[in-house]
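What follows is a single structure, written as structure tokens, with notes after it.
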Amino acid sequence: MVRVGINGFGRIGRNVLRAALERSSGVEFVAVNDLTDAATLAYLLKYDSVHHTIPNDVGHTDDGI
Numbered sequence: 000m001v002r003v004g005i006n007g008f009g010r011i012g013r014n015v016l017r018a019a020l021e022r023s024s025g026v027e028f029v030a031v032n033d034l035t036d037a038a039t040l041a042y043l044l045k046y047d048s049v050h051h052t053i054p055n056d057v058g059h060t061d062d063g064i
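What follows is the structure in structure tokens.
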């Protein structure tokens, strides 16, 4: 299993995570580095105006999604 951290959770970072979740790719995401709070990042991951809502449950804590 490959462990990956995402530096920046903009359009590309979110799409990389979405693609990995859809494919069961053997990638473990261990960190996301972004300036925005976890609640906003979780919302942006779950709801996308172009790629639509992902079926996965997306939640957040004070320091993670």
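When the count follows numbering that gives the first Met the number 0, it moves up by one through the sequence shown with no breaks and lands on 64 for the last residue.
For every residue, glycine included, the Cβ atom is placed at its ideal position computed from N, Cα and C.
Fair warning: this is a prediction, and the values are worked out from it, not measured in the lab.
Please name the residue in the options whose C-alpha comes closest to that of residue i.
i          : options           : result
residue 60 : 27, 12 and 41     : 41
residue 6  : 46, 39 and 28     : 28
residue 53 : 20, 62 and 31     : 20
residue 8  : 39, 25, 24 and 22 : 39
Just checking my contact of residue i with residue j at CB under 8 Å: how many whole Å lie between their CB atoms?
i          : j          : result
residue 13 : residue 43 : 6 Å
residue 56 : residue 37 : In fact, because the Cβ distance is near 15 Å, the residues do not count as touching under 8 Å.
Here's the rule I'm using: 16 or more other beta-carbon atoms within 10 Å means buried, otherwise exposed. How should residue i be labelled?
i          : result
residue 68 : Any property of residue 68 remains undetermined from this structure, which presents the chain solely from 0 to 64.
residue 1  : exposed
residue 31 : buried
field: 3-residue-minimum beta strand (DSSP E) runs that sit fully inside the segment 16-43, ordered along the chain
entry: Qualifying beta strand (DSSP E) stretches, in chain order: 26-32.
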